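Data first, discussion second: the structure below is written as structure tokens.
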Ligand SMILES: NC(=O)c1ccc[n+]([C@@H]2O[C@H](COP(=O)([O-])OP(=O)(O)OC[C@H]3O[C@@H](n4cnc5c(N)ncnc54)[C@H](OP(=O)(O)O)[C@@H]3O)[C@@H](O)[C@H]2O)c1
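Numbering (my numbering), first residue to last: 27 to 352.
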């Protein structure tokens, strides 16, 4: 097998494509022949030691991937050789093969494209947990999605629409706003050129959004929170802009509003049954065409540096895939 190996925490430039012994699955594991892996923002952070999960060195990055089961370890009966599967393992995806715990493997239902399987659970799982579970979003409510053309952003937009909400999608360029319109956003705000607060006032007749979905943080957070509606829920999803915002607490008091944390990785571990039910609803929505990963680009696995550069410079729209030759 081959894999991008991270031996020091010096970012993507320090990764090297290494030939490694193909591992045999241990008891409770399966070996996957990886077809595609998608890039998630934490993949950028983990190779710099800046993500909350810090694997021991050396490790193979790549949090999310899909492929077919190639070998099955002792005690695994629910997965057969040849089955198409998706995996969220935190690491291991930027490779040709990986051995993973069978519990981390999601069998893909018939009709679920393998490439979509590599670009689904992380972003759609996060956004479903955020909007449906943490924010208790109701049909007819208004949701503001920041960074709406990104990975979790496009998923949030589609999930909010599937739940019957009105979506205001906000992003940094006209091109990203146009993509959000194509994906069904009711309105868009280009915060690269327009004032976020004024635009939100105009679009909500002064009331503000009921739910704010924020994977960006930085300078956007305070104006977005200041705009929130009475009894609003502000979803703290991530800090792609780099800065962790601080908030004057009186703003929460004045709006009767809640700051709601979202940590999908821990939710999966702590509440596996609730997560499984969410995944089932997402698979149904996928089958109905209500949610569908937006594929920005499909690049060969060898182009990992170009892929990281594209995400680091805010160019990715939806999800970027790295694929192995078939
Ligand atoms: N809480 C959780 O459980 C959870 C789960 C998954 C991901 N996350 C977090 O969610 C965030 C987004 O992840 P993602 O995979 O969706 O990433 P992504 O596809 O790169 O989207 C991030 C968006 O943030 C905006 N952005 C603003 N400043 C940026 C900067 N300096 N660099 C890069 N992007 C910037 C960009 O939109 P504009 O150009 O339109 O501003 C971009 O589309 C990350 O912080 C990630 O760690 C959290």
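All C-beta atoms in this analysis are idealised placements derived from N, C-alpha and C, irrespective of residue type, glycine included. Here the structure is a predicted model, which means the values were calculated and not measured.
Query                                                                                                                           : Result
Where residue 219 falls: helix, strand or coil (DSSP)                                                                           : coil
Reduced DSSP secondary structure (H/G/I, E/B, other) of residue 197                                                             : strand
Residue nearest to residue 251 in terms of C-alpha spacing, selected from 276, 321, 41 and 268                                  : 276
Residues near residue 72 in its chain [Cβ-Cβ closer than 6 Å; skip 5 each side]                                                 : 87
Collapsed DSSP secondary structure at residue 261 in the structure displayed                                                    : strand
Buried or exposed by the 16-neighbour rule on C-beta atoms within 10 Å, applied to residue 322                                  : buried
Where residue 231 sits in the DSSP three-state scheme                                                                           : coil
Those runs of the alpha helix (DSSP H) which lie wholly inside the region 79–154 and span at least 4 residues                   : 140–143 and 147–154
Residue 34, DSSP secondary structure in three states                                                                            : coil
Residue burial classification, residue 298 (beta-carbon count within 10 angstroms, cutoff 16)                                   : exposed
Bridge-paired residues (DSSP) for residue 44                                                                                    : 29
Three-state secondary structure assigned by DSSP to residue 244                                                                 : helix
Cut-off 7 Å between Cβ atoms - residues of its own chain near residue 202, not counting five sequence neighbours on either side : 175 and 343
9 Å Cβ cutoff met for residue 137 and residue 90                                                                                : no
Sequence-distant residues of its chain with Cβ nearer than 6 Å to residue 242 (five each side left out)                         : 172, 173, 266 and 267
For residue 307, three-class secondary structure by DSSP                                                                        : helix
Residue 230 to residue 206 span [Cα, whole Å]                                                                                   : 18 Å
Cα-Cα separation between residue 215 and residue 113, rounded to whole angstroms                                                : 34 Å
Segments assigned beta strand (DSSP E), at least 3 residues, entirely inside the region 159–208                                 : 168–171 and 192–197
DSSP beta-bridge partners of residue 239                                                                                        : 171 and 261
Segment contact flag, the region 221–235 with the region 324–337, C-beta cutoff 8 Å, min 3 pairs                                : no
Pairwise C-alpha distance: residue 110 and residue 286                                                                          : 35 Å
Helix, strand or coil at residue 346 [DSSP, three-state]                                                                        : strand
First through last residue of the beta strand (DSSP E) which encompasses residue 327                                            : That residue, residue 327, is in no beta strand (DSSP E); it is neither H nor E in DSSP.
N-terminal and C-terminal residue of the beta strand (DSSP E) that residue 63 is part of                                        : 55–64
The region 125–133 / the region 73–82 touching (three or more Cβ pairs under 8 Å)                                               : no
Nearest-angstrom Cβ-Cβ length linking residue 168 and residue 191, presumed shorter than 8 Å                                    : 7 Å
Residue 121 beta carbon less than 9 Å from that of residue 30                                                                   : yes
Where the alpha helix (DSSP H) through residue 294 begins and ends                                                              : 290–296
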